[in-house]
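Structure first, commentary second.
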Amino acid sequence: MPAALLTGPPAAAAKPAAVDHPGAEWVPASTSNYTVANRPSQYPVEYVVIHVTQEYFTDTLAIFQNPAKQ
Numbered sequence: 195m196p197a198a199l200l201t202g203p204p205a206a207a208a209k210p211a212a213v214d215h216p217g218a219e220w221v222p223a224s225t226s227n228y229t230v231a232n233r234p235s236q237y238p239v240e241y242v243v244i245h246v247t248q249e250y251f252t253d254t255l256a257i258f259q260n261p262a263k264q
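So for the sequence shown, this note's numbering puts the first residue at 195; every next one is plus one.
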């Protein structure tokens, strides 16, 4: 759900997450493309979405980092 449709104060932007695989890298999406929350007290997780893309890796990152691509 886009953050614009939710009520309540916005939380801070996502912080780099710990990765669990050597060579893995945390690359956050645009905050326009997800709802920032202070879990577990705000907006509990209801769904897990797995995205399968048909783009090159760098193009996929650009799409998720583009606030106009919602």
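From the three backbone atoms N, C-alpha and C, an ideal C-beta is built for every residue, glycine too.
Next item on the list: Return helix, strand or coil for Ala256, following the three-state DSSP convention.
Entry: Indexing the sequence shown from 1 puts residue 256 at position 62. Looking at Ala256 - three-state DSSP - the assignment turns out to be helix.
Note to self: So for Asn227, helix, strand or coil by DSSP?
What the structure shows: Here residue 227 corresponds to residue number 33 of the sequence shown, with the count starting at 1. It is helical.
Margin query: Our contact map puts Ala223 next to Gln259 with C-beta atoms below 8 Å; I'd like the distance itself, whole angstroms only.
Written below: Here the question's residue 223 lines up with position 29 in the sequence shown. Here the question's residue 259 lines up with position 65 in the sequence shown. That pair is a contact at about 6 Å.
Item checked: Pairwise C-alpha distance: Thr229 and Ala262 -> Against the sequence shown, residue 262 aligns to sequence position 68. Against the sequence shown, residue 229 aligns to sequence position 35. Going by the C-alpha atoms only, they are around 15 Å apart.
Item checked: Proximal residues to Val221 (C-beta, below 6 Å), its chain only, five neighbours per side dropped -> Residue numbering aside, residue 221 sits at position 27 when the sequence shown is read from its first letter. Within the same chain, Val221 has close Cβ partners Leu255.
Margin query: Measuring straight from C-alpha to C-alpha, what distance separates Glu219 and Val213?
Written below: The residue labelled residue 219 in the question sits at position 25 within the sequence shown. The residue labelled residue 213 in the question sits at position 19 within the sequence shown. Rounded to the nearest angstrom, the two C-alpha atoms are 7 Å apart.
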